[in-house]
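Asks: Numbers in this note's numbering are just positions in the sequence shown, counted from 1, shifted up by 43. Glycine residues also receive a C-beta, built at the ideal position from the N, C-alpha and C atoms. Nothing here was measured: the structure is a model prediction, and the numbers come from that model. Below: one structure in structure tokens.
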Amino acid sequence: MIIDVTCQTDRFNLSVIGPDFFNDCCFGEDFSNWLVSALSSEGIEADILCMEDFGWANVANVEGVSYLICIAGTAAGDPRRPNFGEWHVMLERRRTLLHRILGRNNISAVDPLVVMVKNVLQSAGFTHVDIRPRH
44 MIIDVTCQTD RFNLSVIGPD FFNDCCFGED FSNWLVSALS SEGIEADILC MEDFGWANVA
104 NVEGVSYLIC IAGTAAGDPR RPNFGEWHVM LERRRTLLHR ILGRNNISAV DPLVVMVKNV
164 LQSAGFTHVD IRPRH
């Protein structure tokens with residue numbers, strides 16, 4: 044299961060396609076750098092992994108639990124605010140094969156990293172911060 048923490052902002056690039064992009068959806072490097080730095084400031088061990096075909100992938104460790112953090116953004120299409128849009132911070136908790144088979148140790152809206160990401164986004168002034176479970 045994945046938790047999708049969404050928000051809206053114009054703080055990060057959603058308008059200039061980089062020369063190193065795999066396709067025109069690889070936005071999120073600046074968001075990833077900012078989020079990893081913000082989480083690190085809160086005492087969370089976090090690092091950037093790589094560009095993906097949808098955005099960026101990152102990792103974090105909280106209280107001995109490892110997470111994959113994926114970042115993707117979509118511009119709202121307002122020519123006056125080309126970088127304004129919706130961002131998705133998709134969080135997946137690493138689980139053992141047995142936990143996956145038995146449906147245990149799932150991530151939830153009250154998971155420590157989910158709460159931390161939501162608080163960091165809200166504290167930064169991003170709007171429409173919401174938590175959406177994805178199955």
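Between which two residues does the alpha helix (DSSP H) harbouring I144 extend?
Replies: On the sequence shown, position 101 is the one that residue 144 refers to. Segment 140-145, the alpha helix (DSSP H) holding I144.
Asks: If you draw a straight line from the alpha carbon of L140 to that of L134, how long is it in whole angstroms?
Replies: Taking the sequence shown and counting its residues from 1, one reaches residue 140 at position 97. Taking the sequence shown and counting its residues from 1, one reaches residue 134 at position 91. C-alpha separation (whole angstroms): 18 Å.
Asks: Go ahead and label N101 buried or exposed: buried means 16 or more other beta carbons lie within 10 angstroms of its beta carbon, across all protein chains shown.
Replies: By 1-based counting over the sequence shown, the position of residue 101 is 58. Result: buried.
Asks: Rounding to the nearest angstrom, what Cα-Cα distance links I60 and R175 in this structure?
Replies: Position 17 of the sequence shown, counting from 1, holds the residue named residue 60. Position 132 of the sequence shown, counting from 1, holds the residue named residue 175. About 28 Å.
Asks: Taking 6 Å as the limit between beta carbons, can you name the residues of its chain near A81, skipping five residues before and five after?
Replies: Sequence index remark: in the sequence shown, residue 81 carries index 38 (1-based). Within the same chain, A81 has close Cβ partners V163.
Asks: Should G168 be labelled buried (16 or more other beta-carbon atoms within 10 Å of its own) or exposed?
Replies: For the purposes of this step, residue 168 is taken as the residue at position 125 of the sequence shown. Exposed.
Asks: Just to confirm, does N149 get its C-beta within under 6 Å of one of the non-hydrogen atoms of the ligand ADP?
Replies: With respect to the ligand ADP, the structure shown offers nothing to examine, as it has no ligands at all.
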